[in-house]
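In my numbering, the protein residues as written are 55 to 647.
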Ligand code: C2E
Ligand code: CA
Ligand code: CA
């Protein structure tokens, strides 16, 4: 029988019809047991009753209220036969709906599964009828088939449920959600459709400190609250993954209304959850996106809501963000970058620009910093900010970093061949991800050997973020780099986590003062002056070189000299320039200042 949950009723009715015809009886029915509700449920009947009262008194009958026949459904294990008998008057009346017929004869055959009575098959003849041994045996065989069919349908339903629901919370899963949004975005549907991506803030910490069982209970509670919010509306709430939920609001929904709903949800989520003796409260980052039926796809809408939630999260969490046109442009760029970056690294569309660093007093070039650019086929020359973050998120930071390191070392080797007396170092930026990559120091050592560069000619620039992220690992890496003779500078100093206390123990050679502090120097901004002054004092105390970034004006240059900082880079001296232009500057060795 090729039957599933959707068509099973028809199949049951067809079996019942054949029984009615074959046995020459008047009415037959099939009932199944609901063990949880302790009731017997009408599954199918034949022929259909002429008029069914609403509510149908035969549809659901609790065992505790049942008459003697329906009571059998709970425990019957062998067929039972009833012949006309005043005791069954009650049942007769209910079945015949007052048709005026006087007496019935009936056999009831149990449906059994694993020794349990799962339902009954009932066959009724108006007037008297006897039931032969063979007939009852045949009915038992049919009941066995029906019972098999039922368990298969239940199993299929469970599978279907499992395929569309999340195990832990029983909420619809991504598949079911995508289907729902897909339907809602049909051209015939009203829009806009509001999709809300909900990301619980700092759930990991909860799992870490209270254990996963507590984390699971917390998630279930949140799921219940969201379920209550959606209630019986045409909306849906689904769980996407660990701490991510999505609510699709019912009906067409403006940004204003959706934002209001998001606030209600945010409050519902934030209300404390009791876990044993702890009362835990977690906020959420909520992203909203809106789809127009016929114009957007479910996948796009989900991605946009996700992206908006990320913006809310980056802003510190506990916030609601709407997907905007700006994010749209941004996301197109990111997608594009993701797709083409690997090719760019393997091919030749990446280039290095070089920005000289000068001695503020003599104008002599003391170093150059390698700054990567991407000659994108359609978007022009992209700055690092357009693709380095993507590289870091997509595991390409290592490859990109190796490319930069190799190219920078090779260029320095070329220049040294061209200008034997050249006395500069090459500065290379290292991303935080790259610094903790396995084999990083080996990569550096290999580049030095391959291009015959002495360690002290290479200076790696790392950020404060990288240093504090994994202090013990950074310390080991920096020691190993020092053994190679390679220099290390802390980039963008002053903007980060002020790892001042760590400076003492880390083998670092230089600090680069972030250009945010340098730009306004000499303009009378005393705050910046004080900061730069103290950074310089600090560098002196630790015996570190100090380099100022972003020097754009003579007054900034003058102020730095007065403060005792003698090395700097900035547009005042030179912008980052191509390899050839950099070589031309190096031939001059000195920059007019
Ligand atoms: P950074 O290491 O602080 O590099 C200096 C940035 O400041 C460069 O931007 C440079 O063009 C800019 N700059 C230099 N002087 C001035 C000035 O006087 N005024 C102003 N307004 N800006 C100035 P760029 O090339 O866009 O690089 C941005 C950042 O991207 C770099 O900041 C660095 O953190 C990162 N980066 C660049 N190349 C690489 C690389 O190869 N690997 C990694 N991991 N990061 C890189
Ligand atoms: Ca740098
Ligand atoms: Ca910098």
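For each residue, glycine too, the CB sits at the ideal point set by N, CA and C. Keep in mind it's a predicted model, so treat the numbers as computed, not measured.
Chain-order list of residues whose beta-carbon lies under 7 Å from that of residue i (same chain, five-residue window excluded)
| i | result |
| --- | --- |
| residue 429 | 403, 405 and 435 |
| residue 272 | 260, 327, 329 and 334 |
| residue 152 | With a pLDDT of 42 at residue 152, under the threshold of 50, the modelled position of that residue is not reliable, and the figure given next carries that caveat. Contacts found: none. |
| residue 72 | none |
| residue 637 | 469 and 472 |
| residue 501 | 459, 460 and 463 |
| residue 223 | 273, 274, 277 and 293 |
| residue 270 | 222 |
| residue 628 | 409, 410, 639 and 645 |
Test item: CB-CB of residue i and residue j under 8 Å
| i | j | result |
| --- | --- | --- |
| residue 341 | residue 320 | no |
| residue 178 | residue 105 | no |
| residue 623 | residue 423 | yes |
| residue 322 | residue 283 | yes |
| residue 486 | residue 523 | yes |
| residue 489 | residue 528 | yes |
| residue 420 | residue 484 | no |
| residue 225 | residue 197 | no |
| residue 600 | residue 410 | no |
| residue 193 | residue 168 | no |
| residue 399 | residue 302 | no |
| residue 598 | residue 565 | yes |
| residue 467 | residue 516 | no |
| residue 604 | residue 569 | yes |
| residue 562 | residue 544 | yes |
6 Å CB neighbourhood of residue i in its chain, flanking five on each side removed
| i | result |
| --- | --- |
| residue 230 | 218 |
| residue 496 | none |
| residue 491 | 452 |
| residue 243 | 347 |
| residue 602 | 567, 572, 614, 619 and 622 |
| residue 154 | Low local confidence applies: a pLDDT of 43 at residue 154 is under 50, so the model's placement there is unreliable, with the coordinate-based value given in what follows. Nothing meets the Cβ criterion. |
| residue 427 | 405, 407 and 435 |
| residue 146 | Confidence at residue 146 is low in this model, with a pLDDT of 49, below 50, so its placement is unreliable and the value that follows should be read with caution. Counting only Cβ-Cβ distances below 6 Å, and skipping sequence neighbours, we find 158. |
| residue 289 | 302, 303 and 304 |
| residue 248 | 303, 307, 312 and 344 |
DSSP-derived helix/strand/coil call for residue i
| i | result |
| --- | --- |
| residue 97 | strand |
| residue 420 | strand |
| residue 308 | coil |
| residue 429 | strand |
| residue 372 | coil |
| residue 166 | strand |
| residue 104 | coil |
| residue 625 | coil |
| residue 400 | helix |
| residue 605 | coil |
| residue 578 | coil |
| residue 476 | coil |
| residue 296 | coil |
| residue 598 | coil |
| residue 645 | coil |
| residue 406 | strand |
| residue 90 | coil |
| residue 463 | helix |
| residue 78 | coil |
Short CB-CB distance (under 8 Å) between residue i and chain C
| i | result |
| --- | --- |
| residue 273 | Structure shown: chain C not included; a single protein chain is present. |
Beta-bridge partners of residue i, as assigned by DSSP
| i | result |
| --- | --- |
| residue 411 | 421 |
| residue 85 | 96 and 174 |
| residue 301 | 250 and 291 |
| residue 134 | 162 |
| residue 592 | Its beta-bridge partners do not exist; DSSP assigns none. |
| residue 328 | 333 |
| residue 114 | 95 |
| residue 654 | With the chain running from 55 to 647 in the structure shown, residue 654 is simply not present. |
| residue 434 | 430 |
| residue 444 | DSSP, once it has assigned bridges, lists no residue as partnering residue 444. |
| residue 631 | 408 |
Any non-hydrogen atom of ligand 4 closer than 7 Å to residue i Cβ
| i | result |
| --- | --- |
| residue 603 | This structure does not include ligand 4; its bound ligands are ligand 1, ligand 2 and ligand 3. |
Worksheet item: Could you give the uninterrupted runs of the alpha helix (DSSP H) lying entirely in the stretch 226-271, keeping only those of 4 residues or more?
Response: 228-238 and 257-264
Discussion item. In chain order, what are the residue ranges of uninterrupted beta strand (DSSP E) at least 3 long that sit wholly in the stretch 331-355?
Written reply: 332-334 and 338-345
Worksheet item: Of all the alpha helix (DSSP H) runs that stay within the bounds of the stretch 481-564, which reach a length of 4 or more residues?
Response: 486-489, 494-504, 518-523, 525-537 and 554-557
Worksheet item: What runs of the alpha helix (DSSP H), each 4 residues or longer, lie entirely inside the stretch 170-234?
Response: With a minimum length of 4 residues, the continuous alpha helix (DSSP H) runs that stay inside the stretch 170-234 are 187-218.
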